[in-house]
Every structure is written in structure tokens, then in C-alpha cells.
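Undergrad: Numbering (this note's numbering), first residue to last: 2 to 224.
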Ligand SMILES: N[C@@H](CCC(=O)N[C@@H](CS)C(=O)NCC(=O)O)C(=O)O
């Protein structure tokens with residue numbers, strides 16, 4: 002197993018966040034993007050598949066569900082990428098990314114929750130099972146169902162963006178676009194089945210690609 006490595010981002014100092022998680026993880030990438038978007042410095046340590054195992058007792062003590070990312074801010078230990086992304090935007094006082102107005106906030110969160118549940122589940126079949134052939138997702142039924150669900154869900158996003166875009170909640174970029182940006186990148190990378198044309202998603206992909214932090218952590222060549 003390779004030794005754990007450390008990466009210090011520009012602006013990182015003794016009070017920086019610690020991010021535990023490999024930089025090629027779908028969910029760690031959201032957190033890295035949020036840090037770059039908000040200018041929050043961090044130190045990252047490699048944990049997860051191919052590096053130090055999430056099942057190490059020391060890691061499990063931080064995150065009993067044994068997944069990356071784990072984020073530690075001034076001794077406070079956090080997990081769940083979407084929740085961490087919202088925390089970081091609020092910590093940075095970025096009202097534009099994560100509004101405090103309850104209705105606007107709910108608009109952001111409803112998309113992030115749907116991504117975390119429905120879309121992520123569909124991607125397990127279509128991507129982890131169908132493309133990476135990763136157990137236990139790689140059985141035929143699960144792969145086919147994942148592909149069907151993914152197409153269904155991405156058609157919903159396509160119609161939503163075409164009618165209400167250019168961003169997930171309308172006129173401006175929010176943390177909902179961080180979660181969606183990773184999904185859309187993976188949508189254009191996943192293969193092994195016929196995908197419908199999705200011009201609104203393609204336009205959204207190009208729009209997000211104007212952001213350096215998305216090119217660094219989202220559309221960075223990885224699926
Ligand atoms: N709901 C969690 C999911 C986290 C998750 O699935 N992480 C994956 C990587 S993307 C993981 O830890 N895989 C095991 C590993 O890398 O060892 C979140 O959003 O943070």
C-alpha cells in the first residue's frame with residue numbers, strides 16, 4: 002500500500018482544515034472544489050481505496066461509516082461531502098453559494114439531497130458496477146437498473162436546466178452546482194450503454210468549465 006501523502010493547498014496554515022481522503026474520490030473532489038471556491042486552505046491526507054484503508058481503527062474512530070471524506074476543522078470532525086460543502090460555504094460567509102434565506106436554502110438542499118440519494122444510487126449501478134466492474138455493484142440486474150435510473154434522472158436534470166437554468170437553482174452558481182457538477186462530469190464519462198442526447202447538460206458542463214476550481218477537481222480528466 003502506498004504511503005499516505007500530504008498536500009498543502011495555497012493559503013493553508015496551522016488553522017487549516019484537514020481533509021482525509023484520496024483526491025480522486027467523487028466525494029472528496031466536491032470538498033476540494035468547495036475549498037478552492039471559497040479560498041479556505043487545507044491539508045489533505047490520502048485515505049481510501051489504494052491508500053490507507055478507511056477501516057483502520059484510527060479512521061473508524063473518526064468516521065464509523067468508513068468512507069472518505071472526513072474533514073476536521075479546529076478539532077471538529079465531519080463527514081458527508083454535501084453537508085461539508087454546505088458547512089464550508091457558510092463558514093466562508095458565502096451567502097451566494099449557500100443562502101441563509103430558508104426558501105432559497107431549501108432550493109439548494111433539495112437538489113443536493115436528491116443527488117446524494119437517487120443519483121448516487123443510480124451511479125453505483127451504471128458506473129461502479131457497469132464501468133468499473135466493482136463488486137458488489139457489478140451484477141447484471143443492478144447495472145441495468147442503475148443505467149435505466151441514471152438516464153431517467155439525467156433527463157429530469159436536462160429538462161430542469163433547459164427550463165430553469167443556467168445553474169441548478171437558476172441565475173447564479175450555488176453549492177448545488179458543486180454536487181451536480183461531479184454528477185454531470187461522470188454522466189459524460191460513463192459508457193457501456195446508449196445515452197440520450199443532453200444538450201442542456203452539455204451547455205451546463207461548458208458553463209461550469211469556466212471555473213478553475215471545477216477544472217481542478219471536477220472536470221479534471223477523471224470520471
Ligand atoms: N455519502 C458519502 C459517501 C462517501 C463515499 O461513498 N466515499 C467513497 C469514495 S467516493 C469511499 O469512501 N469509498 C471507499 C474507499 O475509497 O475506500 C459522502 O457524500 O461523503
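Note that the Cβ used here is the ideal one computed from N, Cα and C, for glycine as well.
Residue 184 to residue 59, Cα distance in whole Å?
TA: Each residue's Cα considered, the two are about 31 angstroms apart.
Undergrad: With DSSP as the reference, label residue 45 as helix, strand or coil.
TA: Residue 45: strand per DSSP, three-state reduction.
Undergrad: So, residue 22 versus residue 69, is the Cβ gap smaller than 8 angstroms?
TA: Against a cut-off of 8 angstroms, the Cβ pair of residue 69 and residue 22 comes out as a contact.
Undergrad: Mind checking residue 118: buried by the 16 CB within 10 Å criterion, or exposed?
TA: By the 10 Å Cβ count, residue 118 comes out exposed.
Undergrad: I need the boundaries of the beta strand (DSSP E) containing residue 79, first residue and last residue.
TA: From DSSP, the beta strand (DSSP E) with residue 79 extends over 77 to 80.
Undergrad: Leaving out five residues before and five after residue 190 in sequence, what residues of the same chain have Cβ atoms less than 7 angstroms from its Cβ?
TA: Closer than 7 angstroms at Cβ, skipping near neighbours: 224.
Undergrad: Would you mind giving the Cβ-Cβ distance between residue 45 and residue 24, rounded to the nearest angstrom? I have them listed as a contact below 8 angstroms.
TA: Indeed, because the Cβ distance is near 7 angstroms, the residues count as touching under 8 angstroms.
Undergrad: Exposed or buried, which one is residue 187 when buried takes at least 16 other CB atoms within 10 Å?
TA: Burial call: buried.
Undergrad: Of the residues 85, 78, 79, which one's Cα is nearest the Cα of residue 36?
TA: Among 85, 78, 79, the Cα nearest to that of residue 36 is on 85.
Undergrad: Check whether the Cβ of residue 81 sits closer than 7 angstroms to any heavy atom of ligand 1, and report yes or no.
TA: Yes, the beta carbon of residue 81 sits closer than 7 angstroms to at least one heavy atom of ligand 1.
Undergrad: Which value, in whole angstroms, describes the spacing of the CA atoms of residue 177 and residue 111?
TA: For residue 177 and residue 111, the distance between alpha carbons rounds to 9 angstroms.
Undergrad: Provide the residue span of the alpha helix (DSSP H) that contains residue 158, from first to last.
TA: Its alpha helix (DSSP H) spans residues 141 to 165.
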